[in-house]
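Protein chains in written order, with this note's numbering: chain L, 1 to 116; chain D, 1 to 109.
C-beta: ideal position from N, C-alpha, C; glycine also.
Okay, structure first, notes after.
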């Protein structure tokens with residue numbers, strides 16, 4: 001099953017700054033997904049990252065705010081730009097993979113972002 | 001707007017009982033359904049997937065799918081205190097997942 005390493009695990013950032021989150025997978029995957037989980041809420045898909053093409057953003061999310069890179073089939077980054085306290089969330093990357101005999105979507109350990 | 005609905009709970013069950021978690025979804029085109037368990041401060045962990053109508057059993061977990069009623073459920077038999085977590089229902093639309101808000105399960109010893 002795919003193992004996802006995500007970093008940083010947490011950060012406290014000043015408003016107006018940017019943070020880049022890295023996601024590394026131990027196997028090649030076609031698509032990587034970035035989710036946000038706001039405090040007490042469920043997960044919302046931000047965008048889908050394909051290698052060699054622009055990321056596809058969901059309604060309510062824009063490239064200027066959440067630029068994504070996907071330089072190869074095992075790595076992606078999500079940048080949260082010009083941060084405000086409303087961006088305080090857990091950010092998770094996900095891939096479609098076999099996980100403990102189940103085929104589905106597995107998640108990295110997440111990045112807990114606090115904007116002050 | 002694709003929606004996935006879950007009762008937020010908390011659902012409290014005694015140790016050893018069956019916990020029943022329910023989920024409804026709005027769009028009939030979905031073909032894949034998932035249940036995730038999320039402990040506080042942790043990322044979601046996939047525990048069940050189901051793709052066709054009927055029941056799918058895996059250990060103490062049984063997923064049930066009824067596409068006509070747009071309904072999917074998760075049964076946890078012999079519930080243990082370690083099962084206490086938030087259970088997220090997710091519905092797949094192509095390669096995307098839409099998540100419900102989650103049901104908090106508390107298993108009391």
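field: residue 47 of chain L: first and last residue of the uninterrupted beta strand (DSSP E) it sits in
entry: 43 to 50 is the span of the beta strand (DSSP E), which, as asked, contains residue 47 of chain L.
- request: Please decide whether residue 73 of chain D counts as near chain L, where near means a Cβ-Cβ distance under 8 Å.
  value: Taking 8 Å as the CB threshold, residue 73 of chain D stays off the interface with chain L.
message: I need the straight-line Cα distance from residue 70 of chain D to residue 47 of chain D, nearest angstrom please.
response: Residue 70 of chain D and residue 47 of chain D: Cα-Cα distance of roughly 20 Å.
query: Would you say residue 49 of chain D reaches chain L, if we count a Cβ-Cβ gap shorter than 8 Å as a contact?
result: Using a Cβ-Cβ cut-off of 8 Å, residue 49 of chain D counts as an interface residue toward chain L, since at least one Cβ of chain L sits closer than that to its own.
field: Residue of D:67, D:61, D:65 and D:88 minimising C-alpha distance to residue 79 of chain D
entry: Closest by alpha carbon: D:61.
- request: Could you run through the segment 89 to 107 of chain D and flag, in chain order, every residue whose CB is less than 9 Å away from some CB of chain L?
  value: The residues in question are 90, 92, 95, 96, 97, 98, 99, 100, 101 and 102.
query: Of all the residues that make up the segment 84 to 99 of chain L, which are near chain D by a beta-carbon distance shorter than 9 Å?
result: Here the close residues are 90, 92, 94, 96 and 99.
- prompt: What residues from the segment 30 to 43 of chain D come within 7 Å of chain L, judged by C-beta to C-beta, listed N to C?
  reply: In summary, the residues of the segment 30 to 43 of chain D whose CB is separated from some CB of chain L by less than 7 Å are 34 and 43, in the order they occur in the chain.
message: Just to confirm, is the Cβ distance from residue 123 of chain L to residue 111 of chain L under 8 Å?
response: Shown here, chain L extends from 1 to 116; a query on residue 123 of chain L therefore has no answer.
task: Under the assumption that residue 5 of chain L contacts residue 24 of chain L (Cβ atoms under 8 Å), give the Cβ distance between them as a whole number of angstroms.
output: That belief holds up - the Cβ atoms of residue 5 of chain L and residue 24 of chain L are roughly 5 Å apart, short of 8 Å.
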